[in-house]
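*Asks:*
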Amino acid sequence: NFALIGAGGVGRALVEMILSSRDHHASTYGLWLNACLVADSSGALVAPSLSDAKLRDAMKAKEDGRRFNEMNSTEVVARESGQSAADFLLSLVNNLGADTIIVDCTATDDTVPALKRALESGKRVVCANKKPFSGTQATYDALVGTPARHMHRVRHESTVGAGLPVIAALQRLSAAHDPVSRVAGTFSGTLGYVMTGLQQGRPFSEIVLEAKGLGYTEPDPRDDLGGVDVARKALIIARGMGWRLEMADVSVTPLYPDEFAKLSVDEFMQRLPELDASFKEKSAAAAAKGEALRYAATVEGGKLTVGPASVPLTSPLGSLAGTDNLVEFYTKWYPESPLVVRGAGAGAGTTAAGILADMVELSFAATSAVRAWQQSGRQCRAVAGLCPPQHAAQCRERLSRRARQRVHACTEHGAPPPPGYVGSAGDNVVKAKGALRSVCVAGPSGWARMRDPDMAVHDDRAEVGL
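Right, here's the structure in full:
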């Protein structure tokens, strides 16, 4: 089960990616990602199993500018008048089962209480939202905790570099006990575009105006040029290295003077040409040394700095062009030639891909609460062949209503299913009654009793785990 919080561009891209990956996930991983909740700050659609059609309708409504509390559906739970967004999300998470993955695709810290509660109650968390992990150190500790928790219960790959495996690379270096001495990287496609333009000799104001017109910047370009978003990503990496820092400890140099911060957006754009001469001089000075300007974050020697830096053209950062992101890891085994992660670091699609990969991996990293839930026979999994996915969702729904009962299913080979069965998965039947003894599955050749409660196979065509 998964619960999606946030249905903006990234959330909608994620849902579409999940739906288009159904066959691949079933055939490759035996996996069906079942949506039990999708929410925005106004309300949520909640059901044991939201159909793919319902998910598409919900995402279309969001794309059209509607809010979930405006949808005409029996599954809608609206946020109460006077209730804060944080309290509303917390109430939703409190009602979800331990087998649920909470997926945060928002850009707000209103999700922090819900994420904390989810982890306290044995659920798992996947985040693209940077704010919970770049907020206070105390919040980071509450969410990430030990490396074991990070591996099995929390994933936040898409908080840094969209779908690029930056956090995964850092975790593998840690697992191999390969100490990281220095990290340098560019984490903004917008600022990469600006720096590439300067390297080509173009005026700073012209590049920013073009980037704004192309939609590369926020409506107020200072949100990008100020470097705060880069600082958040760098702080997440530093904390992943074990550093204990607050955002106030990060040295950030924006691409505009302090006095420009007080201007309106129009005034800011009008005064940008005043900066052209300075950037032209800096770019020329870098070129004279065989270097280029990059807006980079550096984590080294206990310090985290973010701002324009002159780097050799022969270095990975120096060879970067356009909107790509790049991260260099210098370690014991990569002291001179760093481990480099490079690629598209922005966009709803790439970010959603990183989230989906985290969800699939966490689906196989069950917590103790989830394992206990599975072992007690309260989860049904049906994989391609005998049990169509839509029936598998029905099976999960009905079993979840009996979350305190064990499952007992029995019939003799060749006999019809006995009366009183309360759930089905395709032609398979399950019954909540007494202690778990056996599982019955039905196929073209009739009924068969399966003694293995974890995985029953019939005619090599269907698998049902109870």
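In terms of the working numbering, the sequence shown is residues 665 to 1130.
All residues carry an ideal CB built from backbone N, CA and C; glycine is no exception.
Go through its chain and collect everything with a Cβ distance to Asp842's Cβ below 6 Å, but skip five positions before and after it.
*Replies:* Thr995, Lys996, Trp997
*Asks:* Going by C-alpha distance, which of Ser983, Ala848, Ala762 is nearest Arg817?
*Replies:* Ala762
*Asks:* Take Gly1013 as the anchor and find which of Ile669, Glu680, Phe666 has the nearest alpha-carbon.
*Replies:* A check of alpha carbon separations from Gly1013 across Ile669, Glu680, Phe666 identifies Glu680 as the nearest.
*Asks:* Do Thr810 and Glu910 count as a contact pair if the criterion is CB distance below 8 Å?
*Replies:* no
*Asks:* Where does Val741 fall in DSSP's three states?
*Replies:* strand
*Asks:* Quick check: the Cα distance between Arg958 and Pro972, rounded to an integer number of angstroms?
*Replies:* Rounded to the nearest angstrom, the two C-alpha atoms are 6 Å apart.
*Asks:* Ala973 by DSSP, collapsed to three states: which one?
*Replies:* strand
*Asks:* Run the CB neighbour count on Leu754, radius 10 Å, all protein chains shown included, and call it buried at 16 or more, exposed below.
*Replies:* buried
*Asks:* Does the count of Cβ pairs from the segment 729-748 and the segment 779-788 closer than 8 Å reach three?
*Replies:* no
*Asks:* Compare the C-alpha of Gly786 against each of Phe797, Ser798, Ile765 and name the closest.
*Replies:* Ile765
*Asks:* Please determine if the segment 900-919 and the segment 975-987 are in contact, where contact requires at least 3 C-beta pairs separated by less than 8 Å.
*Replies:* no
*Asks:* Check Thr1014 in the structure and name its three-state DSSP category.
*Replies:* helix
*Asks:* Find out if the Cβ-Cβ distance for the pair Ala771, Phe732 is shorter than 8 Å.
*Replies:* Cβ distance not < 8 Å, so Ala771 and Phe732 don't count as in contact.
*Asks:* Would you kindly work out how many angstroms separate the C-alpha atoms of Gly1041 and Leu807, rounded to a whole number?
*Replies:* Here the model assigns Gly1041 a pLDDT of 38, short of 50, so the residue's position is not dependable and the matter cannot be decided.
*Asks:* Report the CB separation of Gly825 from Phe851 in whole angstroms; it is logged as a contact under 8 Å.
*Replies:* 6 Å
*Asks:* Thr775 and Ile669 look like a contact to me (Cβ under 8 Å); what is the Cβ gap, rounded to whole Å?
*Replies:* 6 Å
*Asks:* Report the residue from Arg720, Arg819, Ser715 whose alpha carbon sits nearest the alpha carbon of Phe1028.
*Replies:* Arg819
*Asks:* For Ala902, which three-state DSSP category applies?
*Replies:* Ala902 falls in the helix class under three-state DSSP.
*Asks:* Sort out for me which residues DSSP pairs Asp751 with in a bridge.
*Replies:* In the DSSP output, where bridge partners are listed per residue, Asp751 has none listed.
*Asks:* Over what stretch of residues does the alpha helix (DSSP H) that includes Glu992 continue unbroken?
*Replies:* No alpha helix (DSSP H) contains Glu992, which is instead part of the beta strand (DSSP E) from 988-995.
*Asks:* Out of Glu945, Lys944, Phe924, state which residue places its alpha-carbon closest to the alpha-carbon of Leu936.
*Replies:* The shortest C-alpha separation from Leu936 is found at Phe924.
*Asks:* Between the segment 688-697 and the segment 722-730, do three or more beta carbon pairs fall short of 8 Å?
*Replies:* no
*Asks:* Counting C-beta neighbours from all protein chains within 10 Å, is the total for Thr1131 16 or more, i.e. buried, or is it exposed?
*Replies:* This structure does not reach residue 1131, given that the chain is present from 665 up to 1130, and the question cannot be answered.
*Asks:* Hey, would you say Ser705 sits closer than 8 Å to Arg730, going by beta carbons?
*Replies:* no
*Asks:* Helix, strand or coil, according to DSSP, for Val830 in the structure here?
*Replies:* In this structure, Val830 counts as helix in the three-state DSSP scheme.
*Asks:* So, helix, strand or coil for Leu709, using DSSP?
*Replies:* strand
*Asks:* Give me the Cβ distance between Val970 and Val916, rounded to the nearest whole Å; I'm assuming they're in contact under 8 Å.
*Replies:* 5 Å
*Asks:* Under 6 Å Cβ to Cβ from Ser869, same chain only, skipping five residues before and after it: list those, please.
*Replies:* Shown here for Ser869: same chain residues with a beta carbon closer than 6 Å to its own, the five before and five after excluded, namely Leu936, Pro937, Asp940 in chain order.
*Asks:* Report, in whole angstroms, the separation of the C-beta atoms of Leu889 and Tyr920, which I expect to be a contact under 8 Å.
*Replies:* 6 Å
*Asks:* Would you kindly report the start and end of the unbroken alpha helix (DSSP H) that includes Ser845?
*Replies:* Counting along the chain, Ser845 falls outside any alpha helix (DSSP H), though it belongs to the beta strand (DSSP E) covering 844-850.
*Asks:* Roughly how many angstroms separate the alpha carbons of Asp1182 and Glu821, rounded to a whole number?
*Replies:* Here the chain covers residues 665 to 1130 and nothing more, so residue 1182 does not appear.
*Asks:* Quick one, are the C-beta atoms of Ala792 and Asp768 less than 8 Å apart?
*Replies:* It is a contact, given that the beta carbons lie within the stated cut-off.
*Asks:* Val914 to Gly849, Cα distance in whole Å?
*Replies:* 15 Å
*Asks:* By alpha-carbon positions, which one of Pro712, Ala699, Glu727 ends up nearest to Leu719?
*Replies:* Ala699
*Asks:* Near Ile900, which residues of its chain fall below 6 Å by C-beta distance, leaving aside the five closest residues on each side in sequence?
*Replies:* Phe797, Ser798, Thr823, Val824
*Asks:* Does DSSP put Gln1038 in a helix, a strand or coil?
*Replies:* In this prediction, Gln1038 scores a pLDDT of 46, lower than 50, which makes its location untrustworthy; the coordinate-derived value is nonetheless stated afterwards. Residue state, collapsed to three classes: helix.
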